[in-house]
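Those letters in the sequence shown? Residues 25 to 154, by the numbering used here. We put the beta carbon where it would ideally sit given N, CA and C, even for glycine. On a predicted model such as this, the values are computed, not experimentally measured, just so you know. Read the structure below first, then the notes.
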Amino acid sequence: MPRLQAAAILAGVAGIAVSIYLTAVHYAGFVPACPVSGVINCEAVLSSPYAVIAGTSIPTSAAGIVWFAISVVLWARPRRNLLLAWSLLGLLTVVYLLFIEIVLVGAICLWCTAAHALVVVLVLIAVGRR
């Protein structure tokens, strides 16, 4: 398996782990392991009305589990155009979620940022793969 492909699969698995943690925080109702300092406030983000998929009680992190799981499957049998399209969807979602965090909630969740960074890593690998 090429190194970039292995790195992408590892990033996808890490994204699944972060998303599972955030989903567990949502359903268990416990305070996330995250420092509160100025704009950094995971609890504010995760308890906001934007922390669930509109019209449901499903946390956005559950969608993250699905997105990262599909990414792992796609990277296991990579097809360039499909990976680029899937990565673009992930990147657009990250931009939307960052807008919500910064503009609407006024706080940043470090756990969410970790998931966002992993999406960006997967995008960069997909774009750089030739």
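- Under the three-state reduction of DSSP output, Val76 falls in the strand class.
- Within the model, the alpha-carbon separation for Leu106 versus Ala86 is close to 22 Å.
- If only uninterrupted alpha helix (DSSP H) runs of at least 4 residues are considered, those enclosed by the segment 27 to 115 are 27 to 52, 66 to 70, 84 to 100.
- Taking all protein chains shown into account, Thr80 has fewer than 16 neighbouring C-beta atoms within 10 Å of its C-beta and is therefore exposed.
- By the Cβ neighbour-count rule, Pro83 is buried, with 16 or more other Cβ atoms within 10 Å of its own.
- The C-alpha of Ile40 lies about 12 Å from the C-alpha of His140.
- Three or more Cβ pairs closer than 8 Å define a contact, and the segment 27 to 38 falls short of that threshold against the segment 61 to 79.
- With a contact defined as Cβ atoms closer than 8 Å, Tyr45 and Ile124 miss out at about 19 Å.
- In the DSSP assignment, Ala150 falls within the unbroken alpha helix (DSSP H) covering 134 to 152.
- When the Cα atoms are used, Val144 and Leu115 turn out to be separated by approximately 7 Å.
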